[in-house]
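Contents: one structure, followed by commentary.
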Amino acid sequence: MVSLDIVRKFNGSLSSRLPRPVALFVGGTSGIGRSTLRQLALNTNAPTAYIVGRSESNARPLLTELGQLNPLGSFKFIEADVSLIRNVDKICEGIKTREKSLDLLFMTPGGLSLVGRRETSEGLDKLFALRYYARMRFAQKLMPLLEAAEPAPGRVVSVLGGGFEGNINPDDLDLKKGYNILSCAMHSVTMTSLAMEHLAASRRASFVHVYPGLVGTNIYTNSFPPPLAAVYNYGMWPLMYPFSVNIDESGERHLFHATSERYPSKTIGDDCSLAALNEIEVAMGSNGTFGSGAYLMNWKGETSAAKKKMQKLREEGMAERVWEHTTDLLDRTIR
Numbered sequence: 002m003v004s005l006d007i008v009r010k011f012n013g014s015l016s017s018r019l020p021r022p023v024a025l026f027v028g029g030t031s032g033i034g035r036s037t038l039r040q041l042a043l044n045t046n047a048p049t050a051y052i053v054g055r056s057e058s059n060a061r062p063l064l065t066e067l068g069q070l071n072p073l074g075s076f077k078f079i080e081a082d083v084s085l086i087r088n089v090d091k092i093c094e095g096i097k098t099r100e101k102s103l104d105l106l107f108m109t110p111g112g113l114s115l116v117g118r119r120e121t122s123e124g125l126d127k128l129f130a131l132r133y134y135a136r137m138r139f140a141q142k143l144m145p146l147l148e149a150a151e152p153a154p155g156r157v158v159s160v161l162g163g164g165f166e167g168n169i170n171p172d173d174l175d176l177k178k179g180y181n182i183l184s185c186a187m188h189s190v191t192m193t194s195l196a197m198e199h200l201a202a203s204r205r206a207s208f209v210h211v212y213p214g215l216v217g218t219n220i221y222t223n224s225f226p227p228p229l230a231a232v233y234n235y236g237m238w239p240l241m242y243p244f245s246v247n248i249d250e251s252g253e254r255h256l257f258h259a260t261s262e263r264y265p266s267k268t269i270g271d272d273c274s275l276a277a278l279n280e281i282e283v284a285m286g287s288n289g290t291f292g293s294g295a296y297l298m299n300w301k302g303e304t305s306a307a308k309k310k311m312q313k314l315r316e317e318g319m320a321e322r323v324w325e326h327t328t329d330l331l332d333r334t335i336r
């Protein structure tokens with residue numbers, strides 16, 4: 002476990018380690034995204050943060066708060082429904098016209114659903130699109146900016162279910178035939194880890210897939226009708242609270258996940274700057290190699306190699322197959 006003291010020490014040094022960072026937060030107006038964004042504002046010098054969300058009016062209090070936390074920062078809201086890939090592409094093109102590099106792509110969009118497949122106008126299931134396809138499209142389209150970041154390459158963070166990979170159907174990757182709540186969750190998680198491994202092998206960027214643990218957010222309130230949300234908020238959550246992670250601590254830890262040299266790209270590997278700090282070491286990547294560039298992580302910052310199921314998928318060439326499926330499907334989606 003990376004101690005909270007270490008997390009706070011590293012975060013507190015960001016002004017010198019990562020001067021004037023440029024970041025994109027997708028889903029940054031609530032929950033873990035919001036908390037991490039607040040920590041970025043508190044711990045960096047003159048950051049530029051683009052924040053993608055569904056409602057600009059709902060985001061105004063956050064934008065005001067961020068400006069107060071960091072008066073030298075630039076916090077720009079982009080209103081969009083990112084379950085639509087054409088909107089993702091539009092956001093990426095806009096950022097590429099404004100920025101030459103990107104230090105951080107931090108993604109948390111999604112939610113929960115108890116209903117079946119709900120297709121967007123582009124033919125993708127909405128929840129699957131938010132959890133996986135839109136996130137990978139952001140990574141794909143913004144890769145030139147992430148690779149251009151200096152002194153360290155940019156980082157892609159997807160907050161979902163790193164470490165909980167399982168079975169997927171290679172003949173129905175987009176779940177047109179076999180969609181249910183469990184298959185959507187398993188495909189989203191496993192395909193994220195496979196796609197990140199594929200990208201990390203050849204890209205000058207690092208990729209972190211995080212399982213955030215139990216965190217007190219408004220995900221149930223936002224996802225379910227009031228009666229059902231009340232059952233969770235007032236019936237289940239009090240029982241789960243003792244085992245949860247405080248939302249502020251979650252933000253601190255996710256900022257560390259997003260900026261620490263502990264999780265370098267494959268092109269950097271064992272960063273010599275870590276030796277001087279003498280407090281953390283380069284993490285083990287998802288393929289069992291230290292500093293591999295792709296990391297499966299729990300909320301405490303501990304990484305693990307992929308389990309037997311992922312090893313089998315890797316040996317079957319599924320990382321490449323998943324990425325090829327993803328890019329082909331998304332290109333067809335916007336035609």
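336 is the number that my numbering gives the last residue of the sequence shown; the numbers go up by one with no jumps. Each residue gets a CB set at the ideal place from its N, CA and C atoms; glycine is no exception. All values reported here derive from a predicted model rather than from experimental measurement.
- Residues M108, S159 of the same chain have their beta carbon placed closer than 6 Å to that of R136, with the five preceding and five following residues left out of the count.
- At a Cβ-Cβ threshold of 8 Å, F129 and L176 count as neighbours.
- Take the alpha-carbon of F208 and the one of S266: they are about 8 Å apart.
- Rounded to the nearest whole angstrom, the CA to CA distance from A140 to I182 is 25 Å.
- Look at the beta carbons and you see the stretch 143-160 not touching the stretch 65-81: under three pairs across the two are nearer than 8 Å.
- The shortest CA-to-CA distance from M285 to any of L19, S16, G164 is the one to G164.
- Contact between A24 and P48 holds: their C-beta atoms lie close to 7 Å from each other, under 8 Å.
- If you compare the alpha carbons of S56, R156, M197 with that of R263, the shortest gap goes to R156.
- In terms of Cβ geometry, K310 and G124 do not form a close pair [threshold 8 Å].
- For I33 against S261, the beta-carbon gap comes to about 17 Å, at or over 8 Å, which does not count as contact.
- For I182, the enclosing alpha helix (DSSP H) stretches over residues 182-201.
- Within its own chain, the residues whose Cβ lies closer than 6 Å to the Cβ of R21, once the five positions on either side in sequence are excluded, are A47, listed in chain order.
- R132 has its alpha-carbon roughly 12 Å from the corresponding atom of I86.
- The beta carbons of L330 and L195 sit about 15 Å from each other, so the pair does not count as a contact at 8 Å.
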